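The listed protein sequences correspond, in order, to chains A and B.
Take 282 as the starting number for the first sequence in the working numbering and just add one per residue.
Take 7 as the starting number for the second sequence in the working numbering and just add one per residue.
We treat Cβ as the ideally placed atom computed from N, Cα and C, and that holds for glycine.
Since the model is a prediction, treat every value here as computed from it, not as a measurement.
The structure appears right after this line, and notes come after that.
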Amino acid sequence: MKRLAMVVALAACAQVASGQEPASGTAPSFSPVTWERLLDAAEEPHNWLMYSGTFSSQRFSRLDQINAGNVGDLKLKWAYQIPVIDRAETTPLVVDGVMFVTEAPSNLTAIDAATGGVYWRYEHELPDDLRICCGRNNRGVAVLGNTLFMSTLDAHLVAIDARSGNLLWNTEVAEYSQGYSKTAAPLIVKDKVVTGIAGGEFGIRGFLDSYNAESGAREWRTYTIPGPDHPDNRSWSGESWRTGGSPTWITGSYDPELDLVYWGTGNPGPDYNGEMRLGDNLYSDSVLALDGDTGEMSWYFQFTPHDVHDWDAIQIPILADIEFDGQPRKAMLWANRNAFFYVLDRATGEFLLGEPYARQTWAERIDDQGRPVRLPDTFPTEDGTVVSPSVLGGTNWWSPAFSPRTGLFYVNAFDGEADYFVREDDYEAGFRFIGGGQQQVEAIDNYVNAIRAIDPATAERRWEFRITPQSRAGVLATAGDVVFSGGIDGYFFALDAETGEELWHMQLGRLVQAAPITYAVNGEQQVTVAAGNVVYTFGLD
Amino acid sequence: MSRLLAVTVLVTAAAATAGAQDAENPFTDGPDRRMGETSFRVHCTLCHGYDAQGGAETNGPDLTTGRFRRTSTLAGLFDVIRNGVPGTAMLGINPDVSDRVVWQIITYLDSLTPNLADADLRGDAVAGRALFAGKGNCAACHMVDGDGGRLGPDLSRVGERRDPDELRADLLDPSAEVEPRWWTMTVMRADGSVVEGLRMNEDTFTLRLIDADEQLWAFSKGRLRSFDRVRTSSMPAAGGTLTDAEVDDLIAYLFSLRKES
Chain A
282 MKRLAMVVAL AACAQVASGQ EPASGTAPSF SPVTWERLLD AAEEPHNWLM YSGTFSSQRF
342 SRLDQINAGN VGDLKLKWAY QIPVIDRAET TPLVVDGVMF VTEAPSNLTA IDAATGGVYW
402 RYEHELPDDL RICCGRNNRG VAVLGNTLFM STLDAHLVAI DARSGNLLWN TEVAEYSQGY
462 SKTAAPLIVK DKVVTGIAGG EFGIRGFLDS YNAESGAREW RTYTIPGPDH PDNRSWSGES
522 WRTGGSPTWI TGSYDPELDL VYWGTGNPGP DYNGEMRLGD NLYSDSVLAL DGDTGEMSWY
582 FQFTPHDVHD WDAIQIPILA DIEFDGQPRK AMLWANRNAF FYVLDRATGE FLLGEPYARQ
642 TWAERIDDQG RPVRLPDTFP TEDGTVVSPS VLGGTNWWSP AFSPRTGLFY VNAFDGEADY
702 FVREDDYEAG FRFIGGGQQQ VEAIDNYVNA IRAIDPATAE RRWEFRITPQ SRAGVLATAG
762 DVVFSGGIDG YFFALDAETG EELWHMQLGR LVQAAPITYA VNGEQQVTVA AGNVVYTFGL
822 D
Chain B
7 MSRLLAVTVL VTAAAATAGA QDAENPFTDG PDRRMGETSF RVHCTLCHGY DAQGGAETNG
67 PDLTTGRFRR TSTLAGLFDV IRNGVPGTAM LGINPDVSDR VVWQIITYLD SLTPNLADAD
127 LRGDAVAGRA LFAGKGNCAA CHMVDGDGGR LGPDLSRVGE RRDPDELRAD LLDPSAEVEP
187 RWWTMTVMRA DGSVVEGLRM NEDTFTLRLI DADEQLWAFS KGRLRSFDRV RTSSMPAAGG
247 TLTDAEVDDL IAYLFSLRKE S
């Protein structure tokens with residue numbers, strides 16, 4: 282009550298930008314999201330202003346109204362049914378009481394975060410001959426000023442007016458008929474919209490782009506596979522670089538002080554046939570550090586040179602300032618699909634640590650330079666080679682989290698295995714180009730999946746919480762010392778961030794394959810997660 | 007709204023095209039099968055697994071069981087592959103791909119499921135049927151067409167999904183491969199009492215069983231003292247009690263159990 286009164290008193294001022302939050306009906310619900318607001322996103326925890334919460338991508342909220350002591354009382358506040366039936370992978374944004382939810386195939390809806398009521402819906406018109414890898418997914422939007430930016434399955438980037446849902450501009454990023462598509466939330470960097478591309482199973486040549494937020498004109502493009510004028514092009518045999526994949530299908534992070542954009546890259550193509558592309562295949566399965574204004578590369582680090590198991594380095598770079606070997610470090614924390622957990626110096630790209638966090642049978646260790654020392658006989662063969670991790674990876678695109686309060690890194694980890702096959706493949710534009718495949722060895726119930734808490738200074742596992750049979754959900758950490766996640770069994774749950782003890786759970790009826798967010802409306806903290814086809818919101822009474 | 011309408015019209019139109027397809031596959035030769043296999047590896051492997059036995063990436067189902075959830079006809083199968091399953095990751099095959107390729111893929115899929123005509127069966131199905139209900143005691147655990155027990159899989163259509171060699175392995179070495187649905191769970195409650203049963207379903211927080219008396223049980227894992235998975239089969243191996251000839255008879259009977267029988 283006290284908080285509400287204070288909020289009302291403040292409502293007359295331009296309080297929104299200073300991080301205060303108006304009560305419903307006391308002030309307009311949406312106000313423009315300036316670059317300064319994005320930089321200070323952590324200061325307004327009642328909003329969720331970008332895909333991973335803040336530019337550091339820690340997915341950590343300072344809200345503590347819901348905490349380890351009372352999370353057991355969490356109740357359903359409202360549910361919003363997405364009208365197009367599919368499996369939601371959306372991470373919504375919340376801006377001053379308005380929630381923006383992306384929906385299959387490439388739609389966007391604005392709803393009232395207090396009640397779930399709809400303001401507007403944008404329906405993107407799509408051709409009916411899309412080339413998409415793994416379903417009609419869209420994972421979220423970016424916001425700057427009054428505008429939302431969304432990737433679409435036909436490889437366009439669209440700008441949508443946040444108050445009306447009107448289309449402002451629609452830019453073709455690449456030709457969908459050549460195997461390109463777009464599913465990830467863009468990242469705002471100053472006055473630009475930085476955005477990636479999918480299509481690693483179609484022999485594309487990956488890139489990261491930046492567009493003018495006002496006009497939709499492209500300002501820079503950095504290919505994730507260097508051209509023949511660059512020495513690193515020689516890390517591809519023959520002409521294989523032209524169809525080498527290396528897409529950028531999940532959202533990156535940004536360090537404003539270093540002015541560096543960090544972005545993960547996906548698998549080289551064809552996925553399983555390394556003979557067709559001898560060499561390290563730079564910069565596939567890497568993290569790239571790019572200048573925010575020009576896209577020029579400052580450094581790169583390749584996690585899996587010459588990958589033949591489809592282990593994209595499509596994870597979210599978590600930027601955290603931690604103590605490492607007794608020194609404060611501007612670190613980057615990365616649990617990779619290849620089952621190793623890495624710590625890099627994010628200013629220089631220097632390799633600091635690489636230890637397994639999930640079951641792996643392919644590398645003896647990571648050497649001093651950060652390069653894996655491979656075990657023999659782990660490449661795909663015609664008769665199949667069983668290797669851990671599975672094609673799902675030690676983890677995948679499922680967002681991890683980091684809590685500065687506990688100092689722990691939280692990741693959804695899978696100890697799977699798969700039988701990997703190789704075959705010949707011919708590139709044909711717009712067709713799948715994977716050079717093999719994989720087969721599950723046993724039913725997933727036979728493998729361990731868990732949320733793991735890792736101490737980034739040592740890679741030591743502090744605790745794990747096991748999920749049956751499996752999870753593809755992201756993780757959220759809060760100042761209430763709660764970690765939220767879910768599973769394909771339809772459960773959404775809260776864990777104690779220090780101990781991993783389960784504090785609360787709720788059956789949502791279908792798989793949780795999205796990442797939870799938290800924010801506040803009317804002074805009350807809420808937690809939202811998509812499950813199946815529905816967006817659920819929880820709060821205390 | 008108009009978009010929704012358009013989608014409906016499209017789906018209906020697509021269904022009509024498939025319906026118009028002659029429900030006979032025109033491409034069933036050996037070379038068609040090989041072409042189908044190659045095309046499958048290009049277009050389908052990513053989701054359905056290399057040998058069509060199911061994939062992890064998007065949970066594409068096993069296509070080798072001879073039975074589909076979405077369709078029971080050839081025209082329906084063609085339609086699923088051509089146009090996809092709305093609302094799922096299963097999109098229609100690339101529109102640039104010809105109908106011929108779709109038929110070849112169907113020929114390939116067909117070759118992965120057991121075929122009655124090719125089978126080399128030594129036993130006598132009529133004798134097998136008698137053994138099933140009688141000496142073999144199989145009906146104590148298995149139902150066929152609504153008769154029998156609940157402690158093993160329903161075998162009414164087992165001939166569609168298991169070939170004679172697989173059936174032999176099922177009978178002689180039941181524990182070689184046990185699906186999680188048929189694991190046994192041993193549950194100890196807080197008061198120390200024990201319940202044992204077949205694992206009907208288990209998730210992160212709960213567990214559902216059927217016990218030897220065919221009673222259903224549900225447990226919250228958090229309230230249990232312990233629970234253990236026993237991954238061996240509860241089915242006795244047939245080798246101990248039945249002769250080789252009797253096993254052959256049972257195989258002949260089981261293999262005859264199909265939709266049309």
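Item	Value
Close-in-space but distant-in-sequence residues of the same chain around C144(B) (CB under 7 Å, 5 per side omitted)	F138
Residues of the segment 714-729 of chain A with Cβ closer than 9 Å to any Cβ of chain B, in chain order	F714, I715, G717, G718, Q719, Q720, Q721, E723, A724, I725, D726 and N727
Buried versus exposed, by CB contacts within 10 Å (16 or more), P101(B)	exposed
For T809(A), the three-state DSSP class (helix, strand or coil)	strand
Residues within the segment 167-193 of chain B neighbouring chain A, beta-carbon criterion of under 7 Å	E185 and P186
Under the three-state DSSP convention, the category Q262(A) falls into	Outside the shown range of chain A, which is 282 to 822, sits residue 262(A), and nothing can be said about it.
Any non-hydrogen atom of ligand 1 within 7 Å of A812(A) CB	Looking at this structure, you won't find ligand 1 or any other ligand, since it has none at all.
Entirely enclosed beta strand (DSSP E) segments - the segment 640-688 of chain A, minimum 3 residues	644-647, 653-655, 666-668 and 682-684
I366(A) burial status per 10 Å Cβ neighbour count (16 or more: buried)	exposed
Own chain, CB closer than 7 Å to G238(B), minus 5 neighbours either side, in chain order	It should be pointed out that residue 238(B) corresponds to Thr in this sequence rather than to Gly. Here the set comprises S181 and V184.
Cβ of Q27(B) within 8 Å of any chain A Cβ	A caution first: Q27(B) carries a pLDDT of 46, below 50, which makes its placement in the model unreliable, though a value can still be read off. Chain A, which has no Cβ nearer than 8 Å to the Cβ of Q27(B), makes this no.
Which of helix, strand or coil DSSP assigns to I725(A)	helix
Three-state class that DSSP yields for Q27(B) in the structure shown	Because Q27(B) carries a pLDDT of 46, less than 50, the predicted location of this residue cannot be relied on, and no value is offered for it.
Residue-level contact to chain A via CB, V269(B), 8 Å cutoff	Absent from the model: residue 269(B). The displayed extent of chain B is 7 to 267, so no value can be given.
Length of the line joining the Cα atoms of G724(A) and D696(A)	The question names Gly, yet the displayed sequence has Ala at residue 724(A). Each residue's alpha carbon lies about 13 Å from the other.
Nonlocal neighbours in the same chain, by C-beta distance under 7 Å from G60(B), ignoring five residues either side	H54, G66, P67 and D68
8 Å Cβ cut-off: residues of chain A touching Y114(B)	What Y114(B) touches in chain A: nothing, since even the nearest Cβ is about 14 Å away.
N617(A) classed as buried or exposed, judged by whether at least 16 other C-beta atoms fall within 10 angstroms	buried
Contained beta strand (DSSP E) runs [length at least 3] in the segment 417-448 of chain A, N- to C-terminal order	423-425, 428-432 and 437-442
Residue closest to D435(A), alpha-carbon to alpha-carbon, out of G630(A), D566(A), G421(A) and E453(A)	E453(A)
Segment contact, 8 Å Cβ cut-off, at least three pairs: the segment 364-384 of chain A with the segment 622-631 of chain A	no
Three-way DSSP call (helix, strand, coil) for Y864(A) in this model	Outside the shown range of chain A, which is 282 to 822, sits residue 864(A), and nothing can be said about it.
Span separating the alpha-carbon of Q57(B) from that of Q720(A)	First, the amino acid is wrong: residue 57(B) is Asp here, not Gln. Whole-angstrom Cα-Cα distance: 7 Å.
Test: A48(B) CB closer than 8 Å to a CB of chain A	Sequence inspection shows Val at residue 48(B); the Ala mentioned does not correspond to that position. For V48(B), the answer is yes, since a Cβ of chain A falls inside 8 Å of its Cβ.
Segment limits, alpha helix (DSSP H) that includes P170(B)	P170 to L178
Separation of L789(A) from V475(A), as counted between CA atoms	34 Å
Neighbour flag for V17(B) against chain A, beta carbons, 8 Å	Any reading at V17(B) must be qualified, since the residue scores a pLDDT of 38, below 50, and its modelled position is unreliable; the value itself is stated next. So, not an interface residue.
Cβ-Cβ distance between V382(A) and V816(A) below 8 Å	yes
DSSP three-state assignment for V103(B), whether helix, strand or coil	coil
Per DSSP, cross-strand counterpart(s) of P549(A)	G526(A)
Entirely enclosed beta strand (DSSP E) segments - the segment 132-198 of chain B, minimum 3 residues	190-195
Which of helix, strand or coil DSSP assigns to S239(B)	coil
Buried/exposed call for A349(A), threshold 16 Cβ in 10 Å	buried
C-alpha distance - Q110(B) paired with S117(B), whole-angstrom precision	11 Å
Buried versus exposed, by CB contacts within 10 Å (16 or more), E302(A)	buried
Contact set for E208(B): own chain, Cβ-Cβ below 8 Å, skip 5 residues either direction	P186, M191 and R214
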